[in-house]
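S.K.: All residue numbers for the sequence shown refer to the numbering used here, where the first residue is 61 and numbers rise by one. Every residue gets a Cβ at the ideal spot worked out from N, C-alpha and C, and that includes glycine.
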Amino acid sequence: MKSLYKKNDIHQILDEYKLDIELKRHMLRVSQYAKLLGELMCLEKEKIVLLEEGALLHDIGKQLIDKWLLDKPSKLTLEEFKIVQNHCKLGLKILNKRYQKKEIENIVLLHHEKWDGTGYPFGLKRYNIPIEARIVSVVDCYDALITDRIYKKKVSHEEAIEILKKESGKSFDPDMISIFEIFENNFKQILEKSNENKG
Ligand SMILES: [Fe+2]
């Protein structure tokens, strides 16, 4: 299935915002996991292409937030947390300078919404959260758990699965977590391949 955007357009945005290398790697992995989960959820091919592209840009808004804040090793104050949360809306602004495609906008703006309505920016619940944003939410969390960040240590793949299961029906769509669990090795393979490429 051919991309609806020219592939270069997506990479042009990524290049233009001179992404931090770790952020770029994170978004690339999330894009790969999202494609896989989309396929397992039997999404249409056209949706999967958009899912892959939206996931590739999902955290683009973080480029407009001070890096020291994103990497702050100690707990964020409420005020600082609000600034970080704003990366979803900033991402949408970056996107809308050139692109307007609903599925991609949904991913950038809504990938921190939670199944039980406790997420941000709008506190949407359950199926009010578009499927593409629900998918990216799961795989974004998986990748965050299994990689080191300045402010936290990574956990093993197995521990990450346990955490995702605990959050099933709270943070995440329970159907997606069930599928993730069945095919967990396929997700693990993507991670391992990405680590190999890192050298
Ligand atoms: Fe994010």
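Compute every distance between the C-beta of Asp126 and the non-hydrogen atoms of ligand 1, then say whether any falls below 6 Å.
M.R.: For Asp126, the Cβ stays outside the 6 Å cut-off from all heavy atoms of ligand 1.
S.K.: Please report the straight-line C-alpha distance between Lys149 and Phe240, rounded to a whole angstrom.
M.R.: Cα to Cα, the separation comes out at about 28 Å.
S.K.: Nearer than 6 Å: is that true of the beta carbon of Asp119 relative to any heavy atom of ligand 1?
M.R.: yes
S.K.: Buried or exposed for Glu252, going by 16 or more other Cβ atoms inside 10 Å?
M.R.: exposed
S.K.: Given that a residue counts as buried once 16 or more other Cβ atoms are within 10 Å of its Cβ, and exposed if not, what is Thr207?
M.R.: buried
S.K.: What are the boundary residues of the alpha helix (DSSP H) that Ile125 is part of?
M.R.: Ile125 -> no alpha helix (DSSP H), and no H or E assigned at all.
S.K.: Who pairs with Arg85 in a beta bridge, going by DSSP?
M.R.: For Arg85, which the question treats as bridged, DSSP gives no partner whatsoever.
S.K.: Give me, in chain order, the residues of the same chain whose beta-carbon lies closer than 8 Å to that of Ile125; leave out the 5 immediate sequence neighbours on both sides.
M.R.: Ile143, Val144, Asn146, His147, Leu150
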